[in-house]
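Enquirer: Dropping the structure in here first, questions after.
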Amino acid sequence: FTSCCPGWIKHVENMHPHLMPQVSTCGSPMEMFGAILRQHYTDDELYSVAIMPCTAKKAEAARPELVKDGERLIDLVLTTQELAKMIKEAGIDFADLPDTEPDDPFAEYTGAGVIFGVTGG
Numbered sequence: 052f053t054s055c056c057p058g059w060i061k062h063v064e065n066m067h068p069h070l071m072p073q074v075s076t077c078g079s080p081m082e083m084f085g086a087i088l089r090q091h092y093t094d095d096e097l098y099s100v101a102i103m104p105c106t107a108k109k110a111e112a113a114r115p116e117l118v119k120d121g122e123r124l125i126d127l128v129l130t131t132q133e134l135a136k137m138i139k140e141a142g143i144d145f146a147d148l149p150d151t152e153p154d155d156p157f158a159e160y161t162g163a164g165v166i167f168g169v170t171g172g
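The opening position of the sequence shown corresponds to residue 52 in my numbering, with each subsequent residue numbered one higher.
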């Protein structure tokens, strides 16, 4: 079973604990990227904010498994709705913003990552 949805993991832990050995031990994309960021940057350089569509990701970020060497892998999770509200309140119009390139060292990407969040992806 996949392990990237914290709601699913909590359900299995509480309702079907006998299935836990069948759940993938691979961390969620948010967890893995948080670990990569912590390896690349020092703690005084980094405050990691994850923008996620589901409120369950907030609970995931607070899980003990997402603390390594006393540091949280993800410092804050905002939902996409919360971010949209902040953008609207700040009066930001994306059409007025200049085009920029992604930040190094994580600037390499493909469009294939888009399908992850799509049903059946």
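Here a beta-carbon is modelled for each residue, glycine too, at the ideal position from N, C-alpha and C.
#1: CB-CB under 7 angstroms to V165, same chain, minus the five flanking residues each way: which ones, in chain order?
#2: Sort T53, E96 and D154 by Cα distance to P80 and report the nearest one.
#3: Can you give me the C-alpha to C-alpha distance between P153 and E159, rounded to a whole angstrom?
#4: Which class does T130 belong to by DSSP, given the choice of helix, strand or coil?
#5: At what residues does the alpha helix (DSSP H) containing M66 begin and finish?
#6: Out of curiosity, what's the CA-to-CA distance linking K109 and D147?
#7: Kindly give me the distance between the Cβ atoms of V128 and A141, rounded to whole angstroms, as I take these residues to be in contact under 8 angstroms.
#8: DSSP beta-bridge partners for V165?
#9: Among S75, Y98, T76 and V74, which has the Cα closest to the Cα of G85?
#10: Could you check the C-alpha separation between N65 and E122 for me, to the nearest Å?
#11: Would you mind working out which of V100, M71, T161 and V63 sits nearest T130, comparing C-alpha positions?
Expert: Checking against the coordinates, here is how it stands:
#1: On the sequence shown, residue 165 is found 114 positions in, with the first residue counted as 1. Result list for V165: empty, nothing under 7 angstroms.
#2: Your numbering for residue 80 matches position 29 in the sequence shown. Comparing Cα-Cα distances from P80 to each of T53, E96 and D154, the minimum goes to T53.
#3: As a first step, residue 153 is located in the sequence shown; it is residue number 102 there, counting from the start. As a first step, residue 159 is located in the sequence shown; it is residue number 108 there, counting from the start. Each residue's alpha carbon lies about 8 angstroms from the other.
#4: If you number the sequence shown from 1, residue 130 lands on position 79. Of the three classes helix, strand and coil, the one that applies to T130 here is strand, per DSSP.
#5: The sequence position of residue 66 within the sequence shown is 15, counting from 1. That run of the alpha helix (DSSP H) goes P57 to M66.
#6: Walking along the sequence shown from the start, residue 109 turns up at place 58. Walking along the sequence shown from the start, residue 147 turns up at place 96. C-alpha separation (whole angstroms): 31 angstroms.
#7: Here residue 128 refers to the residue found at position 77 when the sequence shown is read from its first residue. Here residue 141 refers to the residue found at position 90 when the sequence shown is read from its first residue. About 19 angstroms separates the two Cβ atoms, so there is no contact after all.
#8: If you number the sequence shown from 1, residue 165 lands on position 114. Listed as beta-bridge partners of V165 by DSSP are no residues whatsoever.
#9: Here residue 85 refers to the residue found at position 34 when the sequence shown is read from its first residue. Residue Y98 is the option with its Cα nearest to G85.
#10: Locating residue 65 in the sequence shown gives position 14, counting from the first residue. Locating residue 122 in the sequence shown gives position 71, counting from the first residue. Taking the straight line joining both Cα atoms gives about 26 angstroms.
#11: Translated into positions along the sequence shown, residue 130 becomes position 79. Closest option to T130, Cα to Cα, is V100.
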